[in-house]
Structure formats: structure tokens, C-alpha cells
Amino acid sequence: MEKTVKVLKSATIRFAGDSGDGMQLAGSRFTDTSAVFGNDLSTLPDFPAEIRAPAGTLFGVSGFQIQISSEDVYSPGDEPDVLVAMNPAALKVNLKDLKKGGTIIANADAFNDKNLQLAGYDSNPLDNGTLKGYHLIALPISKSTNHAVQELGLNAKEASRCKNFYALGITYWMYDRPLETTMEWIEKQFKKQPQIAEANKEALKAGYYFGETAEIFTTRYVVKRAHLEKGTYRNISGNQAAAMGILAASIRSGLPLFLGSYPITPASDILHELSSFKNFGVKTYQAEDEIAAICAAIGASFGGSLGFTSTSGPGLALKQEAVGLAVMTELPLVIANVQRGGPSTGLPTKTEQADLLQAVVGRNGESPVPVVAAATPADCFHMIFEAARIAIKYMTPVIFLSDGFLANGAEPWKIPHVDEIPKFDAKFRTNPIDFFPYMRDENLARPWVKPGTPGLEHRIGGLEKANIYGNISYDPANHETMVKLRAEKVSKISDELPLIEIDGPSEGELLVIGWGSTYGAITTAQERLEEEGINISRIHLRYLNPFQKNLSDILKRFDKVLIPEMNLGQLAMLIKAQYLKDVISLPKVQGLPFKAREIVAKVKEVLNITQQKEEVK
Amino acid sequence: MAKEKSLMPVNLTSKDFATDQDVRWCPGCGDYSILAQVQRVMPSLDVPKENLVFVAGIGCSSRFPYYMNTYGFHGIHGRAPAIATGLKIARPDLDIWVAAGDGDLLSIGGNHFIHTLRRNLDIVILLFNNRIYGLTKGQYSPTSEHGKITKSSPMGTIDHPFHPITVALGSAGTFVARTMDRDPKHMQSIITRAHAHRGTSFIEIFQNCNIYNDGAWDRFTEKDTRPESVIYLEHGKPLVFGEKNNKGIKLDGFKAEIVSLDDGKYSINDLLVHDETSRELAFILSEFMEKPGFPVPLGVFFKQNKSCYETELTEQIEHVTEKLGKGDLEKLLFSGSTWTVE
Chain G
69 MEKTVKVLKS
79 ATIRFAGDSG
89 DGMQLAGSRF
99 TDTSAVFGND
109 LSTLPDFPAE
119 IRAPAGTLFG
129 VSGFQIQISS
139 EDVYSPGDEP
149 DVLVAMNPAA
159 LKVNLKDLKK
169 GGTIIANADA
179 FNDKNLQLAG
189 YDSNPLDNGT
199 LKGYHLIALP
209 ISKSTNHAVQ
219 ELGLNAKEAS
229 RCKNFYALGI
239 TYWMYDRPLE
249 TTMEWIEKQF
259 KKQPQIAEAN
269 KEALKAGYYF
279 GETAEIFTTR
289 YVVKRAHLEK
299 GTYRNISGNQ
309 AAAMGILAAS
319 IRSGLPLFLG
329 SYPITPASDI
339 LHELSSFKNF
349 GVKTYQAEDE
359 IAAICAAIGA
369 SFGGSLGFTS
379 TSGPGLALKQ
389 EAVGLAVMTE
399 LPLVIANVQR
409 GGPSTGLPTK
419 TEQADLLQAV
429 VGRNGESPVP
439 VVAAATPADC
449 FHMIFEAARI
459 AIKYMTPVIF
469 LSDGFLANGA
479 EPWKIPHVDE
489 IPKFDAKFRT
499 NPIDFFPYMR
509 DENLARPWVK
519 PGTPGLEHRI
529 GGLEKANIYG
539 NISYDPANHE
549 TMVKLRAEKV
559 SKISDELPLI
569 EIDGPSEGEL
579 LVIGWGSTYG
589 AITTAQERLE
599 EEGINISRIH
609 LRYLNPFQKN
619 LSDILKRFDK
629 VLIPEMNLGQ
639 LAMLIKAQYL
649 KDVISLPKVQ
659 GLPFKAREIV
669 AKVKEVLNIT
679 QQKEEVK
Chain B
1446 MAKEKSLMPV
1456 NLTSKDFATD
1466 QDVRWCPGCG
1476 DYSILAQVQR
1486 VMPSLDVPKE
1496 NLVFVAGIGC
1506 SSRFPYYMNT
1516 YGFHGIHGRA
1526 PAIATGLKIA
1536 RPDLDIWVAA
1546 GDGDLLSIGG
1556 NHFIHTLRRN
1566 LDIVILLFNN
1576 RIYGLTKGQY
1586 SPTSEHGKIT
1596 KSSPMGTIDH
1606 PFHPITVALG
1616 SAGTFVARTM
1626 DRDPKHMQSI
1636 ITRAHAHRGT
1646 SFIEIFQNCN
1656 IYNDGAWDRF
1666 TEKDTRPESV
1676 IYLEHGKPLV
1686 FGEKNNKGIK
1696 LDGFKAEIVS
1706 LDDGKYSIND
1716 LLVHDETSRE
1726 LAFILSEFME
1736 KPGFPVPLGV
1746 FFKQNKSCYE
1756 TELTEQIEHV
1766 TEKLGKGDLE
1776 KLLFSGSTWT
1786 VE
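As C-alpha cells, this is what we get:
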């Protein structure tokens, strides 16, 4: 049969199934293949906190969304064009997001009475007509997979596990993806289980050929290569980027890297990655708890290493007393907080930006800490590097903020060559003449002395220190001097920060301010508005404490300021407090990133532009 | 040059380890004795002063680093073992000591204490056990005896205490010892042995808080009652105690009993012989505190050679580096699936 080929600018696909169905794997293989193929892309993994939630349940549904494009793409897409639903629960949970008229590829074998009941369906949606508005392709994916692998002698369970590759194969055909990247990956991944490797490859091919031969698929979509800047690329997630960024900081500063960490979702991958970098001399230490992890990192910093600790919100809460200790002892330290839904245990696997205030002001006493935030997965590399640079130059702890969306999401990254990564020097004091532990340099940083240096024996600690001399001091005026010095040291960092660049007109009616992972959705929204002839201005803050110097001036040039953020208005609060500027807050706390259309709708509302029929959530 | 330097005697005296800071413990505090013994032992350890680091948490005893003219870190409550762990992993060349009180090490820092012991980093932990919270002015601690009346337990504590030695043994500690502030010579010898041990060396020191818990250890520390109340442990020697060295400990199965050497029924050959290498025996000895009429053991309960965390980590790094070659950042960045846009 002749098949139509349709060229698309971009496409959004969501894989959904049980948490044991291998949907994250299918999604990440699609991602890798598309990246190597040359698309620009952005991904959004969305999975439950339970490792293997009971099969078939709504809360056990795991999803992975990816947008591929032949143009620049900033977000994983608002609405999927295609939904792969491996069971009724996956359909139920994800259908509301699917584009009207979108395609559903459903595993009909899983739509049995038990699963339908678990998902709360009275009758089978695949044949009761409720999906009429969509392009429904119901296939016996389980049976076909079993059939494809039957000659390899796998047991029923093993055979059934291959069905994600069968489904993936179908999507590869639909979107004209090459199979090689995934084939190679399977071979490497299942090197020790050649039978399983063979089965997965067979399933992938079977799915692909099914697409080609079956008459159900009438159209094949082509998303061409994106015109990316010249260079060598790789696909990278935020956590990978953060791990490599801190390693790069260690190598470019010549400081040994020490990571103290305690496993916590969604930050654990940073610990995993760095644990595998042992031949770089990286020392990783899985501590007994979050507090031990940061205290060990402080101990390592005292010893002359680049001390680093990685965590997520609840872990940062536990670490805060120790962050204060690093403030007081004025030791360099990088704290990575991969934010998740809170408070308390909250939504461990979902994203949120509600730790901004915790990072900026969440400690006892006047405890200033520089805070930086990454905008995209790859930006984690640059911003954690920047965190380390600031920490060492100013002898201070620095908090690096990422979030679950950035940590697990991925994008193509133009890889920098090592000689393009700036070098910076860590200075250690060795001269005992006129040495005082709290004597400051031009950046107000105190000297860093490695124990083992003769003649410079000294004591530091959490008690207030006498200015310059560093002995314990309870003197009232000294305390105020020291509090002010510590504050000044951090606020002075803004002197050297790059100025904020405005995307759009440099003055006007509306400025949208983003920070962290809202970058993609806001940028996409701005592009869409432009297409409609609505010009807004946009800035994105990577430095949250201190703010860049020209922020004050920029704020003055706009009538209205809109801040979308995944919290109830924390950046809005900081900006209002610091600049006495009224701002409009667009909060979202659903454990999910913003959709561009939500921001588009809010901008129109703020600008009093009549809404077209768009639904605002 | 370097070789010559390392052969040069350090030639320090205890005075070289005193700082210019006034010691601010209450007059009569047992901490003074501990500071004096540590300073006295230091020169004999032959460690360059700049390689010594004292780490502490919070509490009276945790001011210790300020009084040692070495490198020092006064941390936050309970976290000294964690800070020391990071420092030791980063800098295995340093000689690291932790000074902590019973509230600091066993209550708020209990988690770090047990995990540091099992990891067996090569450091020394000095526990200043006075069975009370001193710096916060007199609340009961995890080692306070049941029923103790304190500011926070006006009707007597209903907490059961635990014994630091038992906790240390149960946490896979590799050097577990006890001494007391009123026996300087013994303390010096135990500190010296602890320092010589490769691994985490834990010393419980009976220390008197003369303000909030005066006389807590009197029965064991005062000259007139001491001989009947304590028993000095020595590896390979029978367990004898008493004013006239006329009593001993005999083991009947797992049960220890006190026997007299006077009535002709038992001789010294019937007594339990101390074996530092037996954790089982150490557990039995650690329970003497709970047994009315039994002498409290002082000395080294247990000592075991086991690999140290920081050594194994260094070996792993060396092994992987040998296998894979020294890490190359450029290679790492460009690893995995990459593609080039021309």
C-alpha cells in the first residue's frame, strides 16, 4: 500500500504505561535516536514515586513525553500528537492532554476486564465509541511481541517485557527514525544477556515492520533535522550536566572534588554519575544522612577540596544548619538542590520551584548565600560550574538550583571543548607572616589555608569570630560588623555578574521574568505571541542571589511585570521586597512544568487581549 | 632534603600545643585534665603540629579545639564525626581527633557516631562522658542513670541510659577503650595506644562536671573507693582487682562472677584472662556497669585490625585509574552518542 509522507515542523509523542512497562526506557531511546538523527528536542519524564506500583492502577502510570523539531525547541510540548497507551490506566490518565484528533496507539491486549476495572472504565473505551474524536489504533501489542520473540525461548514474563520495544518500533516507523542507535544501545545494555538483547531487537524490528506493512498506518511523518549551530552534540539530562559541570569546575580550578551525598529523588543521579568518575580522582561519599553528607563536604573543603553536596528540598531543609556553618566559617561549598514538589515528602518524582525562599533565606540568623539556577538541562553544566567559581572566589557556600523537570529532562547540548571552559585559580595561603584567619582580600574573601601548612595552625568554627583575628568574640559591635561584612561580601558578587539581556523590546508594557526551568515554556510562549503579532519582553534570571545589577533599571522600564513560577510567587516576593515593584504572579503548583499556552493566555489577560477559545487552566 | 626533614625530631613540648586563648571551662572541671593529658601526649606522637586537626561539635568539651595550638574545627552540634570523616577522606595524610561530650556524640550526633565507627576511618574519638548536659545548664543525657533528677526531669528520668562502650562495640568499632579524668597516667597510655591504632579509636573518658553532676563517677575515680570499684584491663592478664588484689573475675559460660582469691577455693589461674581480640568478651565486660557490685573495667576492651574507609577509597581510585587511565575531561564530555553538525 502507498503511504503518504507528511513533513512536520515538530511533533510531540507521549509514551504511557505501568511503571513496570519500560516507558521511561522507550522514551529515552526515542530521545537518543532523535538526537542522533539531528532533531532539536525537549523531554519530560513523569513517573510515580512507587518503584513498581500495583499493575494497572491509575497511580502506577508512568509517562515520558518528547517534542522533536526541525527548529529550535524549548519545551517538551503542550499537547502530545501521539499517545502510546500500554493499558487502560495509561489511557485514562493521559487522554485529557492529547491533542484533539490526535493519535492513540493502544495495547488492546491490556484492555481486559481487570485492567478496565482498575482504571475505572465501565466499558472498553477502545470499542465503545468514546474515542471517536481521535485517531485510534488499537493493536495486540502483547500478542505480537510474544509472537516476534517466541523462537528465542524466553519465558512468558521475559517475552512480555519486550513489548515496550515493539511499541517503540511502531513509533520509529511513524516518525521515520533509524533503528541503528537503539539496536546498538540494546547490544551494549544487554551484553551479558544475549537472549534478552536478541528478543528486544526482534521486538523493535517487528514493531517497525508492522508499521510499514499494516494498512492501518496511512501516513508517515517526517520531522527533518534541525539547523543547529555547527559543532558536536550529545543529548544530556540536567543531572548528567550537573555532574559533569562540577567535575569540570574541579579540573579547571585544580581542586580535588569531594561529594558528600545521601540518596534522594530526583537528585541521586548526580551521586551515581560522580561515583563513576573515580579515575578523575573524584571522591564520593554516601553518608548516613543529609546532615552528615554536607558536614563531610564542609570537612573536605576545610581540607582544601572542592566540597560538594547534592540533594533535593527535604534534604536541603536538613542541611541548612550546616549551610550556616559554611557561611560562618567562610569555606567554599556547592550545594545542589534538585527541587521537587513539597512541603515534607510532597511529590518526590514531580517538579516544583518552591525552594527558592528556602535557598535564599531559609536559615537561622543573617545567613547570606549566593543562589544560582539553571534554565535548561544543559544549562546545569554552566550554572553549577558558575556556583563553584563563585564559592571559591568568595569563600562562601553557594546553592545551585535545578528541579525534577531539568534533572530528568534532556536536550541536545553542543559540547564545549575543555580549552573553551574557563580556568580559575584557587589560592591557598601558605605565608605565615601577618596571617589572620579572617583577614579579607579585595573580594572580602578570607584566606583559605590547608591543614598541613606549617605555621598557619588556626581554629575556625560556628561561633562568631572577631573581625580579622578570628578568635571567638561575643563583642556586640563586632557581631554587627561581621554580619554586615558577610552580607556585603555576597551582595558585592553582583559587581562582576554579566548584565541581564532583554529578549524583545527594551521597554514597554509587559516584561515576563522567568527563572529556572520555566525558560522553555516562557520562550515558546513569547514566540507564539510574536506569531500573533503580540510583542512582549522577556528576561531570564540565572542569578537569584544577588540579582544582577541592571535588574532594577530594567524593572523601571516596564509598566507591568509578569512572573510565572512553579510556586506561589516566591521570586515575585523577592522582587517586590527588593525593588518595590508591583508584579503579577502566575503560579503553578501541580508538579508539572508550565505549558506555553498557559503563559500565552495569562499574557493576553494581562494585556487585555480578548481570548480566543483557549482554555486556561 | 625531604628525607632529612622527616628524620628530624619534632622536639615539641606540651606547651607548644597550648593556644593563646584563655581556657573557659569552670574551675575544677574534668576537661582540664583531658586537655593536659592530650597536650602531654602530643609531643611523643611525633606528628608535625601542622598535620594535627582537632574537630568538635557543640558542648563544653567541644571547645577543645580552641585550646589546642593545631588546626581546629569547631562544628555544629553532634556533627564532629561527619566533619572529621569528610576531612579524613579528602586528606588521609592528616592526623584527626574528635572531641565530644555525651550529649553531642551519643544523642544529637548518635547517627554519625555509629556510622563513623563502622566505616573505620583512621581517627581518634575522645568522649568526655559526664552523664549530663553542661553547656545548656543541667539536663539529663543519654548516659544519665535511670531516675536521675535534673532540671528537665524533676521527678527523675524515665529514660534508660545506654553505655557508650556497648554502643561502640555494637557499631563494629575496632578500638574501644575507657579511661578517666582522675587517672592521668592511664589516660596518657590509652591515648597513646588509641593513636597508634589504624582505624577509628574510641575512648570513653569518665569526666566530672563539678557544677551540674558533681561526683557522678566518684566511686570509680576517688582513691579510697577506686580499687574496689574498677578493674584495669590488660591484654593477656587475668582480671584481678580489689584493695589487696584479692578478687577476680571468673567466667561461668557467658556469665561473669566475682570470686575471692583469699579463701583458697580459687587461684589466679581460674580467672578470666583478658583478650583484646575478642568482641564477645568485650561485650561481657561492657555490661559490668549494669551489674551491681561489679568493678567497672578501664583500659582497652577491644582492638581489631580492619581496613580503613579512606584507604580502600584511595585504592579503588588507584585501581580504576590504572585500569581506565587517568580521566580525560575532553573524552568524557564527548562520550556516549554524539553527532556533528557541519
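If you read the protein sequences in the order shown, they are chains G and B. According to this note's numbering, the residues represented by the first sequence are 69 to 685, in order. According to this note's numbering, the residues represented by the second sequence are 1446 to 1787, in order. Ideal Cβ positions, reconstructed from N, Cα and C, are used throughout, including at glycine. These numbers were taken from a predicted model, which means no experiment stands behind them.
Rounded to the nearest angstrom, what separates T1588 of chain B and K1582 of chain B at their Cα positions? Within the second sequence, numbered from 1, the residue matching residue 1588 of chain B stands at position 143. Within the second sequence, numbered from 1, the residue matching residue 1582 of chain B stands at position 137. So the two alpha carbons sit approximately 16 Å from each other.
Across the region 395 to 413 of chain G and the region 451 to 464 of chain G, are there enough close Cβ pairs to call them in contact, namely three or more that are closer than 8 Å? yes
Quick one: any contact between the region 120 to 131 of chain G and the region 147 to 167 of chain G, if contact means 3 or more CB pairs under 8 Å? Contact annotation: the region 120 to 131 of chain G touches the region 147 to 167 of chain G, with at least three C-beta pairs closer than 8 Å.
So that I know if they touch, is there some Cβ in chain G lying closer than 9 Å to that of K1448 of chain B? For the purposes of this step, residue 1448 of chain B is identified with residue 3 of the second sequence, where counting begins at 1. Caution applies to K1448 of chain B, whose pLDDT of 40 falls short of 50 and renders its modelled position unreliable; the value that the coordinates give is listed next. No, K1448 of chain B lies away from the interface with chain G (no Cβ there is under 9 Å from its Cβ).
Below 9 Å between beta carbons is the criterion; list the residues of the region 371 to 387 of chain G that meet it against any residue of chain B, in chain order. G371, G372, S373, G375
Between the Cα of I209 of chain G and the Cα atoms of G:E252, G:I119, G:V580, G:F233, which residue gives the shortest distance? For this step, residue 209 of chain G is matched to residue 141 along the first sequence. For I209 of chain G, the nearest C-alpha among the options comes from G:F233.
To the nearest angstrom, how far is the alpha carbon of Y276 of chain G from that of R82 of chain G? Within the first sequence, numbered from 1, the residue matching residue 276 of chain G stands at position 208. Within the first sequence, numbered from 1, the residue matching residue 82 of chain G stands at position 14. The alpha-carbon of Y276 of chain G is positioned some 17 Å away from that of R82 of chain G.
Mind listing which residues of the region 1508 to 1534 of chain B have their C-beta closer than 7 Å to chain G's C-betas, in chain order? P1510, Y1511, N1514, T1515, Y1516, G1517, F1518, H1519, G1520, I1521, R1524, A1527, I1528, A1529, T1530, G1531, L1532, I1534
In angstroms, rounded to a whole number, what distance separates the CA positions of H215 of chain G and F179 of chain G? In the first sequence, counting from the first residue as 1, residue 215 of chain G sits at position 147. In the first sequence, counting from the first residue as 1, residue 179 of chain G sits at position 111. Roughly 19 Å separates the two Cα atoms.
Would S102 of chain G be called buried (16 or more neighbouring beta carbons within 10 Å of its own) or exposed? Walking along the first sequence from the start, residue 102 of chain G turns up at place 34. Under this definition S102 of chain G is a buried residue.
For S318 of chain G, report the span of its alpha helix (DSSP H) as first-last. Within the first sequence, numbered from 1, the residue matching residue 318 of chain G stands at position 250. It spans 306 to 321 - the alpha helix (DSSP H) in which S318 of chain G sits, taken as one unbroken run.
Measure the Cβ-Cβ separation of N1574 of chain B and Q1652 of chain B and say whether it is below 9 Å. For the purposes of this step, residue 1574 of chain B is identified with residue 129 of the second sequence, where counting begins at 1. For the purposes of this step, residue 1652 of chain B is identified with residue 207 of the second sequence, where counting begins at 1. The answer is yes: Cβ separation under 9 Å.
Keeping to the same chain, check which residues put their C-beta closer than 6 Å to that of P1510 of chain B; ignore five residues upstream and five downstream. As a first step, residue 1510 of chain B must be located in the second sequence, where it is residue number 65. Same-chain partners within the cutoff: F1499, A1501, G1517, H1519.
If you check the beta carbons only, do D337 of chain G and A475 of chain G fall under 9 Å apart? Walking along the first sequence from the start, residue 337 of chain G turns up at place 269. Walking along the first sequence from the start, residue 475 of chain G turns up at place 407. Note that the C-beta distance between D337 of chain G and A475 of chain G is below 9 Å.
Whole beta strand (DSSP E) elements within the region 345 to 414 of chain G, 3-residue minimum: 351 to 354, 374 to 379, 401 to 407
Close beta carbons around K685 of chain G, own chain, < 7 Å, minus the five adjacent residues each side: If you number the first sequence from 1, residue 685 of chain G lands on position 617. Reliability of the predicted coordinates at K685 of chain G is poor, the pLDDT of 42 falling under 50, and the value obtained from them is presented with this limitation in mind. If we look at K685 of chain G and ignore the five residues flanking it on each side, its Cβ neighbours are E666.
In or out: L648 of chain G buried (at least 16 other Cβ within 10 Å) or exposed? As a first step, residue 648 of chain G is located in the first sequence; it is residue number 580 there, counting from the start. So L648 of chain G counts as exposed.
Going along the region 1560 to 1581 of chain B in order, which residues come within less than 7 Å of chain G, judged by CB to CB distance? H1560
Name the two residues that bound the continuous beta strand (DSSP E) containing I332 of chain G. The residue you call residue 332 of chain G lines up with position 264 of the first sequence. Here I332 of chain G belongs to no beta strand (DSSP E), and DSSP marks it neither H nor E.
First and last residue of the uninterrupted beta strand (DSSP E) at S653 of chain G: For the purposes of this step, residue 653 of chain G is taken as residue 585 along the first sequence, with counting starting at 1. Looking at the DSSP string, the run of the beta strand (DSSP E) that includes S653 of chain G is 652 to 655.
On the CB-based measure, 16 or more other CB atoms within 10 Å of its CB, does S1780 of chain B come out buried or exposed? By one-based count along the second sequence, residue 1780 of chain B stands at place 335. When all chains shown are included, S1780 of chain B counts as exposed.
Determine the direct distance from the alpha carbon of Q1484 of chain B to that of M1453 of chain B, and round the result to whole angstroms. Taking the second sequence and counting its residues from 1, the one referred to as residue 1453 of chain B is at position 8. Taking the second sequence and counting its residues from 1, the one referred to as residue 1484 of chain B is at position 39. Residue placement at M1453 of chain B is poorly supported in this model, since its pLDDT is 48, which falls under 50; the coordinates are not used for a value here.
Are any of the Cβ atoms in chain G nearer than 9 Å to that of S1782 of chain B? As a position in the second sequence, residue 1782 of chain B is number 337, starting the count at 1. Output row for S1782 of chain B: interface = yes.
Using a threshold of 9 Å, state whether the C-beta atoms of H295 of chain G and S138 of chain G are closer than that. Within the first sequence, the letter at position 227 stands for residue 295 of chain G. Within the first sequence, the letter at position 70 stands for residue 138 of chain G. In contact: H295 of chain G and S138 of chain G (Cβ atoms closer than 9 Å).
Is R293 of chain G helix, strand or coil by DSSP? As a first step, residue 293 of chain G is located in the first sequence; it is residue number 225 there, counting from the start. Reduced to three states, the DSSP call for R293 of chain G is coil.
The region 641 to 660 of chain G: which residues have C-beta closer than 7 Å to a C-beta of chain B, in chain order? none
Can you confirm whether the region 596 to 603 of chain G touches the region 623 to 642 of chain G when touching is taken to mean that 3 or more C-beta pairs between the two stretches lie within less than 8 Å? no
Any beta carbon of chain B sitting closer than 9 Å to that of L315 of chain G? Walking along the first sequence from the start, residue 315 of chain G turns up at place 247. Yes, L315 of chain G lies at the interface with chain B (some Cβ there is under 9 Å from its Cβ).
Spatial neighbours of W481 of chain G within its chain, please: C-beta separation below 8 Å, excluding the five flanking residues on both sides. Position 413 of the first sequence, counted from the start, is the residue given in the question as residue 481 of chain G. The residues are Y301, R302, N303, I304, A309, P445, A446, F449.
What separation, rounded to the nearest whole angstrom, lies between the Cα atoms of E595 of chain G and Q616 of chain G? Within the first sequence, residue 595 of chain G is the residue found at index 527, counting from 1. Within the first sequence, residue 616 of chain G is the residue found at index 548, counting from 1. Near 25 Å, if we compare the C-alpha coordinates of Q616 of chain G and E595 of chain G.
Proximity winner among G:S78, G:S87, G:F115, relative to L415 of chain G (alpha-carbon distances): Position 347 of the first sequence holds residue 415 of chain G. Considering only alpha carbons, the answer is G:F115.
Nearest-angstrom Cα distance between V1621 of chain B and L1696 of chain B? The count along the second sequence starts at 1 and reaches residue 1621 of chain B at position 176. The count along the second sequence starts at 1 and reaches residue 1696 of chain B at position 251. If you take the alpha carbons of V1621 of chain B and L1696 of chain B, they lie about 21 Å apart.
Kindly indicate if chain B contains any beta-carbon less than 9 Å away from that of C448 of chain G. Along the first sequence, read from residue 1 onward, the residue named residue 448 of chain G stands at position 380. Taking Cβ atoms only, chain B never reaches closer than 9 Å to C448 of chain G, which makes this a no.
Does the beta-carbon of N613 of chain G have 16 or more other beta-carbons within 10 angstroms, so that it is buried, or is it exposed? Against the first sequence, residue 613 of chain G aligns to sequence position 545. Burial call: buried.
Using alpha carbons as the reference points, say which of B:T1670, B:P1672, B:E1667, B:V1741 lies closest to A1701 of chain B. Counting from one through the second sequence, the residue named residue 1701 of chain B turns up at place 256. Among B:T1670, B:P1672, B:E1667, B:V1741, the Cα nearest to that of A1701 of chain B belongs to B:V1741.
Got a sec: is the Cβ-Cβ distance from M1734 of chain B to anything in chain G below 9 Å? The residue you call residue 1734 of chain B lines up with position 289 of the second sequence. False, the Cβ-Cβ gap to chain G never drops below 9 Å.
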